[in-house]
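Using this note's numbering, read the sequence shown as starting at 406 and increasing by one per residue.
In this text, a Cβ means the ideal position worked out from N, Cα and C, and glycines have one as well.
Treat the numbers as computed from the prediction; the structure is a model and nothing was measured.
So the structure is just underneath, and the comments pick up after that.
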Amino acid sequence: MKTILIVDDELGNAEVLSLILEDEGYRVFCAANGRDGLDKVSEVGPDLVVLDFMMPVMNGAEMGHALRANPATAHIKILMNSSLPEASVAQRFPLYDAFLRKPYSIDDALETIRVLTTSV
């Protein structure tokens, strides 16, 4: 069973995606910001992090850079998502594995997550 960590300050979005992913057979955890997300990464060792770009405390770019800089977490797949255009996000953090622009469809999210977790 693949483990996914959703890091998003919009808790309603995280909860809905979490329930859908659990129904699809994934083990899912959530965090409300990048700092809490890094702590949760250490606890649960996810295969994939679904990472919101704009968050308080530590944003998605900062968390992504922290994951990639640490040899113990550099291999974790990152699905970045934002309401901003992808080019704007990529300027601040180009090292994600996939990108979804909000609002995205659940079907697009599930397909992207399936591809990313299959290649783990």
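(request) Starting from the N-terminal side, write out each stretch of the beta strand (DSSP E) that is 3 residues or longer and does not extend beyond the segment 435-479. (result) Counting only runs of 3 or more, we get 453-457.
(request) Take every Cβ of the segment 503-516, pair it with every Cβ of the segment 462-469, and state whether three or more of those distances are shorter than 8 angstroms. (result) No, because fewer than three Cβ pairs between the segment 503-516 and the segment 462-469 fall closer than 8 angstroms, the two stretches do not touch.
(message) Just to confirm before moving on: does the CB-CB distance between residue 503 and residue 515 stay below 7 angstroms?
(response) Cβ distance not < 7 angstroms, so residue 503 and residue 515 don't count as in contact.
(request) Please state if the CB of residue 413 and the CB of residue 441 are separated by a distance shorter than 7 angstroms. (result) Their beta carbons are not under 7 angstroms apart, which means residue 441 does not touch residue 413 by this criterion.
(message) Please classify residue 451 as buried or exposed, where buried requires at least 16 other C-beta atoms within 10 Å of its C-beta.
(response) Result: buried.
(message) If distances are taken between C-alpha atoms only, which option among 498, 419, 518, 448 comes closest to residue 471?
(response) Of 498, 419, 518, 448, the residue nearest in Cα terms is 498.
(request) Enumerate in chain order the residues of its own chain whose CB-to-CB distance from residue 443 is below 7 angstroms, with the five nearest sequence positions on each side excluded. (result) Cβ within range, chain order: 468, 471.
(request) Tell me whether residue 371 sits in a helix, a strand or coil according to DSSP, three-state version. (result) Given that the chain is displayed from residue 406 to residue 525, the structure contains no residue 371 and the question cannot be resolved.
(message) Along the chain, where does the alpha helix (DSSP H) containing residue 531 start, and where does it finish?
(response) For residue 531 there is no data in the structure shown, the boundaries of the chain being 406 and 525.
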